[in-house]
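First up is the structure itself, then whatever we jot down about it.
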Amino acid sequence: MRTRRRPAKALLAGFAVLLMAAAALAYASAGEPQKKKKTSEDKDPQAQYEMGLIALRYGLPDEAVRYGNQAVALDPSFFNGWNLLGNAYYAKADFAQSAEAYTKAAALKPDNADVQRGLGLSLVEIKETAKAEEALKRSLALDGAYESAFYLGKLCYNERRYDEALDYALKAIQKNGKNAGAYNLKGVILNQLSRFAEAAGSFQAGLVLTPGDVNLQINLGIALLNSGEPAKARGVFEAVLPKIEQETLRKQVEDYIKAIKDAGK
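Written out as structure tokens, the structure is:
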């Protein structure tokens, strides 16, 4: 009796999302005296917000936090200040503070989809999964954006709710069919559902968009191996092996190649 081989698990790579909200930047008149301008900015939450936004765009989240805190100290009901703090704390990987700031922004503007999305992502990081899902679903209902569907798919995948995860992955592809990450997500979900040939097709679709993506290439090899095509899987693994920098991942692919060779494939 042939023992069923346990399917290899595909990789779900992380995808960063740009959380900063767009804003117009206002500048004081060049002819205004410097001292007067400084005094005016110190008392203006909007000016503090704009300087914080510039700091964040230049990769200075600590400065952005400082300006954001000054903005909300001047006006605790200033939505842009709390939103800036949510973005800045997220950039610092201070997810608890980020979630707190986004929560205050959401209380002021509950129908802002970007804030709900940022809140959801922060809550995911601090393992508040139920609240994160609620925020991401609200964001998706508000603007139907690709990012919300994608991150809901990842959340459901991590919760092993694979059918729900697949629905969200398909919605993400419908919203943005040119994002390879959504095809990778769809593929790893299909792999978990033992729909290996479909998983391989999804990884191949992602590789059409980003031919050099190492994770997609590895995942394609895994899907081919799981679907009973070891020779094709070996070709994919051998082609991607020189590109793999992470030692643990390299060893995993080397083991796949060795197992295929030992089986005479």
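So the sequence shown is numbered by the working numbering: it starts at 851 and just counts up by one.
The C-beta atom is built at its ideal place from N, Cα and C for all residues, glycine as well.
Run through DSSP, which three-state label would R907 get? helix
Classify P895: buried if its beta carbon has 16 or more other beta carbons within 10 angstroms, exposed otherwise. buried
Excluding the five sequence neighbours on either side, which residues of its own chain have a C-beta within less than 7 Å of the C-beta of C1006, listed in chain order? E1014, A1015 and Y1018
Are A921 and G902 touching if we call contact CB-CB under 9 Å? yes
Excluding the 5 residues preceding and the 5 following L1002 in the sequence, name in chain order all residues of the same chain whose CB lies nearer than 6 Å to its CB. L986 and Y1018
Please confirm whether A949 and E984 have their CB atoms less than 9 Å apart. no
For K1101, three-class secondary structure by DSSP: helix
Between which two residues does the alpha helix (DSSP H) containing I1068 stretch? V1064 to N1076
Threshold first: 4 residues or longer. Then list the alpha helix (DSSP H) segments lying entirely within the stretch 935 to 1019, N to C. 945 to 958, 963 to 975, 979 to 993 and 996 to 1008
Do you know how far the Cα of N1026 is from the Cα of D892? 42 Å
So is R907 buried or exposed if we call it buried at 16+ other beta carbons inside 10 Å? exposed
Determine the contact status of S1044 and P857, defining contact as a CB-CB distance below 9 Å. yes
Which of the three DSSP states, helix, strand or coil, is assigned to N930? helix
Element boundaries [alpha helix (DSSP H), containing L1057]: F1046 to L1059
Restricting to Cα atoms, I'd like to know which of A999, A860, L1035 and V1086 is closest to I1107. V1086
Going by C-alpha distance, which of P1092, R1084, Y1033 and Y1012 is nearest L1066? Y1033
Who are the Cβ neighbours of V1103 in its own chain at under 8 Å, not counting the five residues just before and after it? I1068, G1071, F1087, V1090, L1091 and I1094
Could you check the C-alpha separation between Y996 and V965 for me, to the nearest Å? 15 Å
Output needed for L1074: all residues of its chain with C-beta closer than 7 Å, excluding positions within five of it in sequence on either side, in chain order. A1050, K1082, A1083 and V1086
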